[in-house]
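Everything below concerns the one structure shown next.
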Amino acid sequence: MVLRDRKSGHGDLPGGRMNEDEFFSDWSESIFREVSEELGNQIKIDVNPEPIFIHKHRVNEGNFPCVIIAYSAKLVDGLIQLSDEHDYMDWVDITTFDPSNLFSEYMLDAVQLYLKKYA
């Protein structure tokens, strides 16, 4: 699944930032919270608890270093309702998908890392 950020027009993936109070809790709760915020709370997903990749980058606002931890998930049930953060969603075939014109530099590196490993 690929999303498009409404403000920047760049590609995005479902997810977001962990709240400070969630750091020492079960991270799966943060994953479900973020996915619900971006795709609606009427969906059910099955998340593989093992990360598919970990990637270093810098947050656009303030150029702070951070780490992307990506997980694979399957939509089990429900209808996706995009949040106001995104204006487009598409399911892509990872064997033919070219992310180079959609994602900004920091996210492009992470997506290409994923495609290299799994496509």
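Going by our numbering, the sequence shown opens with residue 42, and the numbers climb by one from there.
For every residue, glycine included, the Cβ atom is placed at its ideal position computed from N, Cα and C.
- It is roughly 16 Å from the alpha-carbon of residue 148 to the alpha-carbon of residue 47.
- Counting along the chain, residue 99 sits inside the beta strand (DSSP E) bounded by residues 94-100.
- Three or more beta-carbon pairs drawn from the region 77-94 and the region 110-125 are found closer than 8 Å, and the two stretches are therefore classed as touching.
- In this structure, the straight-line span from the alpha carbon of residue 70 to that of residue 60 is close to 11 Å.
- Taking 8 Å as the cut-off, the Cβ atoms of residue 143 and residue 43 count as close.
- Ranked by Cα distance from residue 140, the options 127, 128 and 157 are led by 157.
- Measuring C-alpha to C-alpha distances from residue 89 to each of 100, 113 and 99 identifies 113 as the nearest.
- For residue 109, the enclosing beta strand (DSSP E) has its first and last residue at 105-111.
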